[in-house]
Structures are given as C-alpha cells and as structure tokens.
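Under the numbering used here, the first residue of the sequence shown is numbered 23, with each subsequent residue one higher. Encoded as structure tokens, the structure appears first; notes follow it.
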Amino acid sequence: MTTYQDILFSQEAGVAKVTLNRPSVLNALSPNLIAELADVARKVSLDESIKVFVVTGAGRAWSAGVDLKALNESIEGGHFSNFEVMEMGAAFILTLQAMPQVTIAQVNGHCYTGATELMLAFDLVYAADEAQIGDTHTKWGIAPKWGMTQRLQQKVGLMKAMELSFTAQPVSGKEAERIGLVNKSVPLAELETTVNQVIETIKGNSAQTIAAMKNMYYFGAQHGLHRGLEYEWQADFKITDREEFLRNFEKNK
C-alpha cells in the first residue's frame, strides 16, 4: 500500500483503518488529504481480504471540514472554483458506497460541514459523546456539493435537516444518536472498543451477502421504494462464502 502524507493507514485481520492525520488543523480536508482518501478507498475496494474499512481522526477532531485556508483563493460565488477538489471528494463518496466492504466512520471529535458530508456517506457511524457534529455551510456562505441536502434529510428528516443547516449549530454525539444521525454514541474512552466489537460481529457474517445487501440498500435509497423492491426481487448475487454453514445447518441445530 502507498505511503501517505496526511493519513495513516493500517491493515490487520480483514480490517483496513485510516486515521486522518493533520491534528494541528483539526484534520481539515486539504486537497492532498482528499486525494489520499480517494486513493486509499479505491485500493481497499479492490482488496478481497478486507472486510471492513474504518476512518477516524487524530487528536481532537474527526475533521473540521474542507480546509478553507488552503482553498480560500478558489472560492467564487459561494462555490469552490477548484472543481478538481470537489470531484475527488465525490469520487471518495461514490467509492465508499459502491465498495463491497462495510465502511465505518469512527467520529472521535469535531466533525463539520464537508466532513459531515463525508460522514453521511459511510454505511455505519459511531461517535464519541464528546463529539460535535454539524453543518456550517450557511455560516461560511458556501453551497454544499457532496450530498448534504440529500443525505442529511434521509438520516434525520427534512425539518431537522433544515434546522441543522440553517442554524449552523452542531450537536453532540449523544444528540446525534437521538436524532438518528449516528448509529451509536459512547464516551470517547469507549469508542474504539465499541467499534471493534461491531467489526468482530460483522466479520462473523457472510461478506458476500453483506455486499449484496449494501448494494440493494443504496439502490433503494437512491431510487425509491417501488424500484427498490423490483431490484431486490430481480437481483441475482453469487453468494458462496457460507455454503458450508447452510449444508451443516441441520447438524448444528
């Protein structure tokens, strides 16, 4: 695997883990960090030995969002004119949702705006109680491009999503769990253990079935109930990684 400048990468026992590693600037999403995220996700997606892909942050933040200092000169009319950066972020999100692996955001601290948009694209999100998660696009006068207005309302409902965006006020990890923005919130000291427990449970199940169901879940989320039901009925995924379990089911009862 490539050596990276702004992220740390490790791989062990079917789990790939990325740590956003710019703690002095709260892991702000610089063009290079976004490019590295897109690159590592693409490589992980092609590695059949990896079952789960986890992203966390170094220091006090998961990520404070897009590095406004690094991109300040490219802001024109409420958009980043450096569209390559936007495309790299979008490519990372598309890879996250298309990859067969389960993706987990381990949100250890501050998570704002563009980082929240990335967080929303993970399959599962576990947060520290102490985390602060929010959408501050309106605070900075920047329009979102990575799916905030669509995915946020899918998670928390339209009115709550608009409240979060219009007020630009973050919520704690606990509140994020209450409103359905994250799967679970625990004290920071327990976060890594909690995520590891989830990972071990996932690894005990059929990776091929998980990949198939992930594909169907996202199809339905993107195309609606009627088309989703048709797709599920017509889908024909090759699932062979639990054949022995099925053969021995009666013996193990």
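Note that beta-carbon positions come from the ideal geometry of N, C-alpha and C, so glycine has one too. Keep in mind the model is a prediction, meaning the values are calculated, not measured.
- For Ala137, the uninterrupted alpha helix (DSSP H) run begins and ends at 136-142, by DSSP.
- Close CB contacts of His245 within its chain, under the 8 Å cut and outside five residues either way in sequence, are with Tyr253 (chain order).
- Contiguous alpha helix (DSSP H) elements confined to the stretch 140-205 occur at 159-162, 170-178, 180-189, 195-200, taking only those with 4 or more residues.
- Going by C-alpha positions, Glu222 is about 33 Å away from Thr171.
- Taking C-alpha positions only, Ala183 is separated from Glu197 by approximately 13 Å.
- Boundaries around Glu34 are those of the beta strand (DSSP E), 29-34, since no alpha helix (DSSP H) includes it.
- Ile126: member of the beta strand (DSSP E) spanning 124-129, first to last residue.
- In the structure shown, Gly226 adopts coil according to DSSP, grouped into three states.
- Apart from sequence neighbours up to five positions away, the residues of its chain that approach Leu55 with a beta-carbon distance below 6 Å are Asp28, ordered along the chain.
- Per DSSP, the continuous beta strand (DSSP E) segment holding Lys39 begins and ends at 37-42.
- With contacts defined as CB atoms closer than 9 Å, Gly87 and Leu51 qualify as a contacting pair.
- Asn49 counts as buried, since at least 16 other C-beta atoms from the protein chains shown sit within 10 angstroms of its C-beta.
- The criterion of a C-beta distance shorter than 9 Å is satisfied by Leu210 and Ala150.
- When the beta-carbon positions are compared, Pro166 and Gly136 come within less than 9 Å of each other.
- By the neighbour-count definition (other C-beta atoms within 10 Å, threshold 16), Phe188 is an exposed residue.
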